[in-house]
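Below is one structure, written out as structure tokens; the observations come after it.
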Amino acid sequence: MSDSVKGIFKTLIKIPVIIIICYAIFNAFAFGITYFKMLGLSYVAMQTAMENNFIPARERATIEDWMQNEIETGIIQNVSFTSGTTFNKQQYGEEVTVGVQAYYRVIWPLMPTETINGTYNGVGGNTFGGNKTSAELQATRDALEAQRKSNIVIEYKVPGLKYYSDLDN
Amino acid sequence: MSPKTIFKILLATIIVSVIGSLIVEVININTTGYQINNITRVCVQQACDFYGQETYKRDINSISNLEDIIGTSGSVAVSGEIYGSNNAQQIYDSLYTNKDDFRFWAVNYIGLWKNLDYLLFGLGFQTSLALNPENYYIAKSYYDNRMTPLNLGITYLDKETTLKIFRWNLAKTLSNGQDGDGGMVVDTDGSRVYVKYKGFRIYTSEAEITDISYQLINIVNERDKFMELTNIDSSKLGINNASDERATVCLAGIKYSVPVAYQGITPFRKILEFVGNRRVNGLTGGNSGGSGTTIGVSEGELQAGGFYGTTGLPVPGSIIYYVLR
Numbered sequence: 508m509s510d511s512v513k514g515i516f517k518t519l520i521k522i523p524v525i526i527i528i529c530y531a532i533f534n535a536f537a538f539g540i541t542y543f544k545m546l547g548l549s550y551v552a553m554q555t556a557m558e559n560n561f562i563p564a565r566e567r568a569t570i571e572d573w574m575q576n577e578i579e580t581g582i583i584q585n586v587s588f589t590s591g592t593t594f595n596k597q598q599y600g601e602e603v604t605v606g607v608q609a610y611y612r613v614i615w616p617l618m619p620t621e622t623i624n625g626t627y628n629g630v631g632g633n634t635f636g637g638n639k640t641s642a643e644l645q646a647t648r649d650a651l652e653a654q655r656k657s658n659i660v661i662e663y664k665v666p667g668l669k670y671y672s673d674l675d676n
Numbered sequence: 207m208s209p210k211t212i213f214k215i216l217l218a219t220i221i222v223s224v225i226g227s228l229i230v231e232v233i234n235i236n237t238t239g240y241q242i243n244n245i246t247r248v249c250v251q252q253a254c255d256f257y258g259q260e261t262y263k264r265d266i267n268s269i270s271n272l273e274d275i276i277g278t279s280g281s282v283a284v285s286g287e288i289y290g291s292n293n294a295q296q297i298y299d300s301l302y303t304n305k306d307d308f309r310f311w312a313v314n315y316i317g318l319w320k321n322l323d324y325l326l327f328g329l330g331f332q333t334s335l336a337l338n339p340e341n342y343y344i345a346k347s348y349y350d351n352r353m354t355p356l357n358l359g360i361t362y363l364d365k366e367t368t369l370k371i372f373r374w375n376l377a378k379t380l381s382n383g384q385d386g387d388g389g390m391v392v393d394t395d396g397s398r399v400y401v402k403y404k405g406f407r408i409y410t411s412e413a414e415i416t417d418i419s420y421q422l423i424n425i426v427n428e429r430d431k432f433m434e435l436t437n438i439d440s441s442k443l444g445i446n447n448a449s450d451e452r453a454t455v456c457l458a459g460i461k462y463s464v465p466v467a468y469q470g471i472t473p474f475r476k477i478l479e480f481v482g483n484r485r486v487n488g489l490t491g492g493n494s495g496g497s498g499t500t501i502g503v504s505e506g507e508l509q510a511g512g513f514y515g516t517t518g519l520p521v522p523g524s525i526i527y528y529v530l531r
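Shown next as structure tokens:
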């Protein structure tokens, strides 16, 4: 094989490798920034929980508004409180769980695309192929969204540091 | 693969490991340090609030004293006994009637607020009030109802009690509720108690409220100063007469300090410890080590320094606390 042909093949291999490395570096940075954003958010949530012994409705609305308008981007999705977060009042010193979670969407050149073809049942147990309707596509997207698990979860267990006389017994 | 290449790879591995560890440690110090700072501030603030809520006055004293925090030895590492008693009158007397700190504080404010004068009169102070039956009965009712300066909207914090609450808050928060055997509150490593928190050692039992200083501010004449210290616009408080005694507000400036040492979260620390604990024969001027001489670097000396030291560096902070009428 002549050197020029060799060179062409080398270049052909190098290009996707370089692209993948670039994407990997981009994702490392993007994930780092995302994580620190979530860390800051978790500190705010933790401090609120410590000061009130739970996340009061008003503070919850403010933080959730911040999550959706300031934190969520194309690559950070489903930012929310964790399911274990305490939203009901606790007494001084009692354990309060507070956490935030998000899904970091990895940006990759070969992203999977949704399949628009479906299989449909015909007469006599036969099946046939065809394009999905927009409603079917939306249902598929919703199902995928629901399955998507948060890959950034930051949760704390802290004591409530506020005394409520109405909870004293 | 030539020996040269092998050595190059070995060297590169060591350098990458060390630099990687250092980067992780620096990130950890920055993020966790910020967090510790915030937690400490909240703990002081909430300790002041808890003191101000005067839970000892409740008929049900379940909340007056807090639960003990158990150390790794299984014994009490941080006591939850805040007031030392469950009797409201005894606690009240220990805080106000028989307390020198309160007496030193109170004498500075005689004649400033009439309600405080009644209270001080009831507590046996000489005030500007006339010695007549009417004043006597008002003062007595203040004492009998266990009134305090806080009830009158005047900031006063008992330093000793607030400190106990602060230490408890700090240990409870940083230990994440994980106390007892195998927990994060360590009382089996030397004589000092500390909480392990993300590579830090926080000596919660040695946390101090170093100073509580009080400052009077007239919220009508000194609106800007009050705004600067409290972030409250006093023009919205409904007091516009500077000579109104409610216009004089007492602010407490609280300075606190927590000894903190760093022990790290990567194996980097273990390597340093390992190297630091090696004793090398043949060097002079060190500690005695049997027949030979040794270098003087020991774990104890490493610990005494700032790096994972038992001494710990004091991390200071301050807050402004106040109550308004």
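From first to last, the protein sequence lines stand for chains A and B.
Using this note's numbering, the letters of the first sequence map in sequence onto residues 508 to 676.
Using this note's numbering, the letters of the second sequence map in sequence onto residues 207 to 531.
In this text, a Cβ means the ideal position worked out from N, Cα and C, and glycines have one as well.
List the residues of chain A whose Cβ lies closer than 9 Å to the Cβ of residue i, in chain order.
i, result
"residue 272 of chain B", "599, 600"
"residue 256 of chain B", "599, 668, 669, 670"
"residue 264 of chain B", "672, 675"
"residue 261 of chain B", "599, 670, 672, 675"
For a contact defined as C-beta to C-beta under 8 Å, what are the partners of residue i on chain A?
i, result
"residue 248 of chain B", "554, 557, 558, 668"
"residue 357 of chain B", "Per Cβ cutoff of 8 Å: no residues; residue 357 of chain B is ~14 Å from chain A at best."
Check the C-beta distance from residue i over to residue j and give it rounded, since I have them as a contact under 8 Å.
i, j, result
"residue 521 of chain B", "residue 244 of chain B", "About 12 Å separates the two Cβ atoms, so there is no contact after all."
"residue 472 of chain B", "residue 230 of chain B", "5 Å"
"residue 593 of chain A", "residue 586 of chain A", "The Cβ separation is near 19 Å, so there is no contact."
"residue 557 of chain A", "residue 660 of chain A", "Incorrect: roughly 19 Å between the Cβ atoms, too far for contact."
"residue 436 of chain B", "residue 528 of chain B", "6 Å"
"residue 421 of chain B", "residue 457 of chain B", "5 Å"
"residue 574 of chain A", "residue 548 of chain A", "7 Å"
"residue 597 of chain A", "residue 667 of chain A", "5 Å"
"residue 408 of chain B", "residue 372 of chain B", "Wrong, their Cβ atoms sit about 12 Å apart, outside the cutoff."
"residue 418 of chain B", "residue 460 of chain B", "5 Å"
Tell me where the beta strand (DSSP E) around residue i begins and ends.
i, result
"residue 407 of chain B", "406–408"
"residue 575 of chain A", "Taken as a continuous stretch (DSSP letters only), residue 575 of chain A belongs to no beta strand (DSSP E), as it is neither H nor E."
"residue 606 of chain A", "602–611"
"residue 417 of chain B", "414–424"
"residue 668 of chain A", "Unbroken run through residue 668 of chain A: none, as it is neither H nor E."
"residue 263 of chain B", "Segment: none, residue 263 of chain B is in no beta strand (DSSP E) and carries neither H nor E."
"residue 587 of chain A", "583–588"
"residue 324 of chain B", "Unbroken run through residue 324 of chain B is the alpha helix (DSSP H), 320–328; no beta strand (DSSP E)."
"residue 289 of chain B", "Looking at the DSSP string, residue 289 of chain B is not in any beta strand (DSSP E), and its letter there is neither H nor E."
Could you check if residue i is buried or exposed, using at least 16 other CB atoms within 10 Å of its CB as the buried criterion?
i, result
"residue 306 of chain B", "exposed"
"residue 528 of chain A", "exposed"
"residue 524 of chain A", "exposed"
"residue 378 of chain B", "buried"
"residue 635 of chain A", "exposed"
"residue 323 of chain B", "buried"
"residue 500 of chain B", "For residue 500 of chain B, the predicted model reports a pLDDT of 35, less than 50, meaning its position is unreliable and no value from the coordinates is stated."
"residue 240 of chain B", "exposed"
"residue 310 of chain B", "exposed"
"residue 226 of chain B", "exposed"
"residue 487 of chain B", "Any reading at residue 487 of chain B needs caution, since the residue's pLDDT is 48, under 50, leaving its predicted position unreliable; the model's value is listed next. With fewer than 16 Cβ atoms within 10 Å of its Cβ, residue 487 of chain B is classed as exposed."
"residue 653 of chain A", "exposed"
"residue 442 of chain B", "exposed"
With distances taken from CA atoms, which of the options is nearest residue i?
i, options, result
"residue 524 of chain B", "B/225, B/315, B/246", "B/246"
"residue 406 of chain B", "B/431, B/464, B/366", "B/464"
"residue 455 of chain B", "B/359, B/275, B/232", "B/359"
"residue 328 of chain B", "B/299, B/318, B/310, B/311", "B/299"
"residue 314 of chain B", "B/433, B/424, B/362", "B/362"
"residue 584 of chain A", "A/628, A/614, A/535", "A/614"
"residue 657 of chain A", "A/628, A/519, A/542", "A/542"
"residue 434 of chain B", "B/526, B/320, B/264", "B/526"
"residue 467 of chain B", "B/214, B/235, B/213", "B/235"
"residue 590 of chain A", "A/562, A/617, A/566, A/650", "A/562"
Can you list the residues of chain B that residue i reaches, using a CB-CB cut of under 7 Å?
i, result
"residue 495 of chain A", "The shown model of chain A, from 508 to 676, leaves out residue 495 of chain A, and the question about it has no answer."
Identify the contact partners of residue i in chain A, using a Cβ-Cβ distance below 7 Å as the criterion.
i, result
"residue 378 of chain B", "600, 666"
"residue 237 of chain B", "546"
"residue 375 of chain B", "668"
"residue 469 of chain B", "Per Cβ cutoff of 7 Å: no residues; residue 469 of chain B is ~21 Å from chain A at best."
For the alpha helix (DSSP H) that contains residue i, what are its first and last residues?
i, result
"residue 250 of chain B", "209–258"
"residue 559 of chain A", "510–559"
"residue 468 of chain B", "Careful: residue 468 of chain B lies outside any alpha helix (DSSP H), inside the beta strand (DSSP E) at 454–468."
"residue 448 of chain B", "Run containing residue 448 of chain B: none; DSSP gives neither H nor E here."
"residue 341 of chain B", "339–350"
"residue 402 of chain B", "Run containing residue 402 of chain B: none in the alpha helix (DSSP H); it sits in the beta strand (DSSP E), 400–403."
"residue 336 of chain B", "Unbroken run through residue 336 of chain B: none, as it is neither H nor E."
"residue 375 of chain B", "365–380"
"residue 640 of chain A", "Per DSSP, residue 640 of chain A belongs to no alpha helix (DSSP H) and is neither H nor E."
"residue 354 of chain B", "Segment: none, residue 354 of chain B is in no alpha helix (DSSP H) and carries neither H nor E."
"residue 436 of chain B", "429–436"
"residue 315 of chain B", "Unbroken run through residue 315 of chain B: none, as it is neither H nor E."
What does residue i reach in chain C if we use C-beta pairs closer than 7 Å?
i, result
"residue 234 of chain B", "The structure shown contains no chain C; the protein chains it does contain are A and B."
Can you list the residues of chain B that residue i reaches, using a CB-CB cut of under 8 Å?
i, result
"residue 550 of chain A", "240, 241, 244"
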